[in-house]
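Colleague: Provided herewith is a single structure, encoded as structure tokens, for subsequent inquiry.
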């Protein structure tokens, strides 16, 4: 692989990411799947880096799941989005950062549609006024939360306690990066690094000491894909996609996976259990899986957050071998204790996946 | 007194037209931006359909312009139309007053790295038709001998996303020729051609295709979707076989991209100075696409070769001779009454 060639392509896909002052919107599903990721994002940006990141309890879903499942028409989704943007303006912001990749893709699609069809934008503005009495606005800058962590990657590195390095060998950890399809596949110019060789997560990994694994199926969907999973009869297809990715990355012996989408870490993590149970196959070392992380979790780990405060006990694939490899301390006795110290209960151990 | 004719571009079209105009008794001045004459032909090893050496054709063209004043490494810094003639200032400091100008600026190869999914410039094993031809010309071979090689047709041609919906005309025949030559060089290798349609329209082109099939080259109708690298450094190529309606994956040692033709940047710079119009494809607009392909919309300004769209070498040479005749007619009608 010619690294210089990649750098040339990355240079062509740079987006402007303002340093500060953002209106933040959460994802519908990340708070259930990876409960501490968004809290960690806010803690790092606000408290560790001193940025102005505002959020309000009045924001809602972007409508993406319903839109992609054909449950609501496009105009409805656009009006929901117009309301989100209007809230941004109401609170005095013009930079919009969203936690969800589905939302990010839908925001990009909506803004492009409005640009292409101004009469539709006018109609949505009218819908917004009739339904919510809010003034129509568009963000000056739209970014995904991973864009912001990418922007702050060196500041995070400067405050890091740990590096993505094997403490026993001194070698950089081998990291698979997986980008959500809706981050840059629809609008390559909206993602850092483009669609074919995205740089947003690569930049973080490089800044934090790891080494990126370039494997053949790296562009392939994680297997979520709304119609693949939401329609029960298609779930085998969802699993097959994930299986294909793991078979492809296996020869490269990755230590971990980092993702920037709500669905991807969930499916890459949980389907490893299903593959292990159905085929008896595991992809990590000694019967373990390959741990899968959100970018906020990885940022939190290198900054020295307690792994259990990052919610890593909610992962299917155990993270302890990786924590040992990096040298991050953790207390096994506290793994299943809630924030209030109460025991949450221990999940049943799978048969094959350690 | 001999009329001055300025020919811009020293590729096959410029050379052939210069030779014809010189034979007609004109004072021909040929300006070429590169160090040597010949354009893409000078970089090629063998030519389809007969695989004759490109050098043989180039030598013959050079022989024809012995009496032509050739300035190499020379750009046209400025050009403008005076009353009836063109005043051109060349980068070597010479100013020419020409009664007619022939633009033979040819084409640039499509930059294959723009098709990011094919990995040109990213993976060592991915090369272009021009890279392979250079290797053939220099007698270089791949070591270790490749076991599987693929050719991708239509790279940057017939591709709206790449900004070029037009066919580049020569890539199919070039791919088949190069596939045959590769198979001859590495008889044990599996050779694949990924094509959309095979446009083997010229005389003997179909024979070349038949020969390729008989030599065991596999033709797969479908576009390559992406290229990546395996753990052992080989190329994993994903494509669709549209005849069997199945996706396929194949591991290759080399992948050759048939980069198509794009308008020449140098030619467009000249055109810009004279406000010459181009069509949607970026190539220059002729006065008429049937009866006056060699004429531009400016008096005394003519075109030959691929500056008005992709052409094969025989087409280019025919057009160059035809342009010379048009220029001769123009001079006789306007300067010798």
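Protein chains in written order, with the working numbering: chain A, 1 to 354; chain B, 1001 to 1337. All residues carry an ideal CB built from backbone N, CA and C; glycine is no exception.
(1) Judging by CA-CA distance, which residue of 1116(B), 1194(B) and 1256(B) is the nearest neighbour of residue 1135(B)?
(2) Taking 7 Å as the CB-CB cut-off, is residue 1229(B) touching chain A?
(3) Going by DSSP, what residue range makes up the alpha helix (DSSP H) through residue 98(A)?
(4) Quick one: measure Cβ to Cβ for residue 1234(B) and residue 1252(B), integer angstroms, because I've assumed they're closer than 8 Å.
(5) Does the stretch 201–216 of chain A come within contact of the stretch 163–177 of chain A, defined as at least 3 CB pairs closer than 8 Å?
(6) For chain B, check one thing: does any of its Cβ atoms lie closer than 7 Å to the Cβ of residue 198(A)?
(7) I'd like the span of the beta strand (DSSP E) that includes residue 1217(B), first residue to last.
(8) Would you mind giving the Cβ-Cβ distance between residue 1099(B) and residue 1190(B), rounded to the nearest angstrom? I have them listed as a contact below 8 Å.
(9) Is the separation between the beta-carbon of residue 1120(B) and that of residue 1146(B) shorter than 7 Å?
(10) Going by CA-CA distance only, name the one from 1279(B), 1305(B) and 1193(B) that's closest to residue 1240(B).
(11) For residue 1210(B), does the count of other Cβ atoms within 10 angstroms reach 16, so buried, or fall short, so exposed?
(12) Let me know the secondary structure DSSP gives residue 1005(B) once reduced to three states.
(13) Could you list the residues in the stretch 1124–1157 of chain B with a C-beta less than 9 Å from some C-beta on chain A, going in chain order?
(14) Taking the runs of the beta strand (DSSP E) that are 3 residues or longer, which of them lie wholly in the stretch 149–197 of chain A?
(15) Taking the alpha helix (DSSP H) that residue 1322(B) falls in, what are its first and last residues?
(16) Which residues, in order along the stretch 1222–1251 of chain B, keep a beta-carbon less than 7 Å from a beta-carbon of chain A?
(17) Residue 1117(B) versus chain A: which residues are under 7 Å apart at the beta carbon?
(18) Determine, using beta carbons only, whether residue 1163(B) comes closer than 7 Å to chain A.
(19) How would you list, in chain order, the residues of chain A whose beta-carbon sits under 8 Å from the beta-carbon of residue 1122(B)?
(20) Please list the terminal residues of the continuous beta strand (DSSP E) segment that includes residue 1190(B).
(21) For residue 432(A) and chain B, any beta-carbon pair shorter than 7 Å?
(22) Going by C-alpha to C-alpha distance, which of 27(A), 40(A), 64(A) and 46(A) sits closest to residue 57(A)?
(23) Which term fits residue 138(A), buried or exposed, when burial requires 16 or more other beta carbons within 10 angstroms of its beta carbon?
(24) Rounded C-beta distance between residue 209(A) and residue 165(A)? I'm assuming under 8 Å.
(25) Quick check on residue 1150(B): does DSSP put it in helix, strand or coil?
(26) Skipping 5 residues on each side, what residues in its chain have a beta carbon closer than 6 Å to that of residue 1092(B)?
(27) Got a sec, what are the start and stop residues for the beta strand (DSSP E) residue 1254(B) sits in?
(28) Report yes if the CB atom of residue 1167(B) is closer than 7 Å to the CB atom of residue 1153(B), and no otherwise.
(29) Using a beta-carbon distance below 7 Å, is residue 172(A) in contact with chain B?
(30) Residues of the stretch 210–222 of chain A with a CB closer than 9 Å to any CB of chain C: list them in chain order, please.
(31) In chain B, which residues lie with their C-beta within 7 Å of the C-beta of residue 251(A)?
(32) Does DSSP put residue 131(A) in a helix, a strand or coil?
(33) Counting only the same chain and skipping the five closest in sequence on each side, list residues whose C-beta sits under 8 Å from that of residue 91(A).
(34) So, under 8 Å CB-CB, residue 82(A) and residue 41(A) are touching, yes? Tell me the CB distance rounded to an integer number of Å.
Modeller: Result, derived from the coordinates:
(1) On the second chain, residue 1135(B) is found 135 positions in, with the first residue counted as 1. Considering only alpha carbons, the answer is 1256(B).
(2) Position 229 of the second chain, counting from 1, holds the residue named residue 1229(B). At least one chain A Cβ lies under 7 Å of residue 1229(B).
(3) For this step, residue 98(A) is matched to residue 98 along the first chain. Unbroken run through residue 98(A) is the beta strand (DSSP E), 95–98; no alpha helix (DSSP H).
(4) In the second chain, residue 1234(B) corresponds to position 234, counting from 1. In the second chain, residue 1252(B) corresponds to position 252, counting from 1. Rounded, the Cβ-Cβ distance is 7 Å, consistent with contact.
(5) yes
(6) Numbered from 1 along the first chain, position 198 holds the residue referred to as residue 198(A). It does not: the Cβ of residue 198(A) has no partner Cβ on chain B nearer than 7 Å.
(7) As a working note, residue 1217(B) is residue 217 in the second chain. From DSSP, residue 1217(B) is part of no beta strand (DSSP E); its letter is neither H nor E.
(8) In the second chain, residue 1099(B) corresponds to position 99, counting from 1. In the second chain, residue 1190(B) corresponds to position 190, counting from 1. Incorrect: roughly 57 Å between the Cβ atoms, too far for contact.
(9) The residue given as residue 1120(B) occupies position 120 in the second chain. The residue given as residue 1146(B) occupies position 146 in the second chain. It is not a contact, given that the beta carbons lie outside the stated cut-off.
(10) Numbered from its first residue, the second chain carries residue 1240(B) at position 240. It is 1193(B).
(11) Working through the second chain from its first residue, we reach residue 1210(B) at position 210. That one is exposed.
(12) Taking the first residue of the second chain as 1, we reach residue 1005(B) at position 5. In the structure shown, residue 1005(B) sits in a strand (DSSP, three-state: E or B).
(13) Answer in chain order: 1124.
(14) Counting only runs that start and end inside the stretch 149–197 of chain A, the beta strand (DSSP E) elements of at least 3 residues fall at 174–178.
(15) Indexing the second chain from 1 puts residue 1322(B) at position 322. Looking at the DSSP string, the run of the alpha helix (DSSP H) that includes residue 1322(B) is 1313–1335.
(16) 1226, 1228, 1229, 1230, 1231 and 1236
(17) Start at 1 with the first residue of the second chain, and residue 1117(B) comes out as number 117. Within 7 Å Cβ-Cβ: 196.
(18) As a first step, residue 1163(B) must be located in the second chain, where it is residue number 163. For residue 1163(B), the answer is no, since every Cβ of chain A falls outside 7 Å of its Cβ.
(19) As a working mapping, residue 1122(B) is identified with position 122 in the second chain. Those within 8 Å of residue 1122(B) in chain A are 1, 2, 5, 6, 9 and 197.
(20) The sequence position of residue 1190(B) within the second chain is 190, counting from 1. 1190–1195 is the extent of the beta strand (DSSP E) around residue 1190(B).
(21) Residue coverage of chain A in this structure runs from 1 to 354, which leaves residue 432(A) outside it and unanswerable.
(22) By 1-based counting over the first chain, the position of residue 57(A) is 57. It is 27(A).
(23) Residue mapping note: residue 138(A) aligns to position 138 of the first chain, counting from 1. The residue is buried, with at least 16 neighbouring Cβ atoms inside 10 Å.
(24) Here residue 209(A) corresponds to residue number 209 of the first chain, with the count starting at 1. Here residue 165(A) corresponds to residue number 165 of the first chain, with the count starting at 1. Taking C-beta atoms under 8 Å as the contact rule, residue 209(A) and residue 165(A) qualify, at a distance of about 5 Å.
(25) Translated into positions along the second chain, residue 1150(B) becomes position 150. It is a strand residue.
(26) As a working note, residue 1092(B) is residue 92 in the second chain. 1071 and 1074, listed in sequence order.
(27) Residue 1254(B) sits at position 254 when you count from the first residue of the second chain. Looking at the DSSP string, the run of the beta strand (DSSP E) that includes residue 1254(B) is 1254–1259.
(28) Translated into positions along the second chain, residue 1167(B) becomes position 167. Translated into positions along the second chain, residue 1153(B) becomes position 153. Their beta carbons are not under 7 Å apart, which means residue 1167(B) does not touch residue 1153(B) by this criterion.
(29) On the first chain, position 172 is the one that residue 172(A) refers to. By this cut-off, residue 172(A) is not an interface position.
(30) No chain C is part of this structure, whose protein chains are labelled A and B.
(31) If you number the first chain from 1, residue 251(A) lands on position 251. Listed along chain B, the residues sitting closer than 7 Å to residue 251(A) by beta-carbon distance are 1231.
(32) Here the question's residue 131(A) lines up with position 131 in the first chain. Helix, per DSSP.
(33) Mapped onto the first chain, residue 91(A) falls at position 91. Taking residue 91(A) as the centre and dropping the five residues before and after it, the same chain places the C-beta of 23, 54 and 56 closer than 8 Å to its C-beta, in chain order.
(34) The residue given as residue 82(A) occupies position 82 in the first chain. The residue given as residue 41(A) occupies position 41 in the first chain. No, residue 82(A) and residue 41(A) are not in contact; Cβ-Cβ is about 25 Å, not under 8 Å.
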